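Colleague:
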Amino acid sequence: MPTSMYEADGLRYLTYTRSETVYIAGTPAKTTTTYYLGKPIPFQTVGTSDYSYTKDCTTTFTVINKVISSFRIQGNDCLSD
855 MPTSMYEADG LRYLTYTRSE TVYIAGTPAK TTTTYYLGKP IPFQTVGTSD
905 YSYTKDCTTT FTVINKVISS FRIQGNDCLS D
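Sequence positions in the sequence shown follow my numbering and run 855 to 935.
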């Protein structure tokens, strides 16, 4: 089913939208120890924060007389095979 449909000037526009929010867990800070001349030298790495982003794709088909005449894709997660 299309997400939306409208008609104007004898053309029909069918729009399909897909959207997903992705969550990426952060990483904690970590301390490792290396040795130089037998003496321990601690080294700490910085962790990262959690973050999320949205993946989406909108495809709009233009239909004339029940035939798709053109299409438009827009978004950061559109695939074509």
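Quick reminder that beta carbons are idealized off the backbone N, C-alpha and C, glycines included. Small disclaimer: the values here were computed from a predicted structure and weren't measured.
Give, in chain order, every unbroken run of the beta strand (DSSP E) that is at least 3 residues long and sits entirely within the segment 862-930.
Modeller: As far as the segment 862-930 is concerned, its whole beta strand (DSSP E) runs of at least 3 residues are 865-878, 884-890, 893-899, 905-918 and 921-928.
Colleague: Per DSSP, residue 858 is paired with what?
Modeller: Answer is 869.
Colleague: Could you tell me which of 863, 880, 869 and 892 sits nearest to residue 904, measuring between CA atoms?
Modeller: The shortest C-alpha separation from residue 904 is found at 880.
Colleague: Spell out a yes or no on whether the segment 860-870 and the segment 884-899 are touching, meaning 3 or more CB-CB pairs, one atom from each, closer than 8 Å.
Modeller: No: fewer than three Cβ pairs fall under 8 Å.
Colleague: Please return the same chain residues whose Cβ sits closer than 8 Å to the Cβ of residue 856, not counting the five positions on each side in sequence.
Modeller: Around residue 856: 868, 869 and 870.
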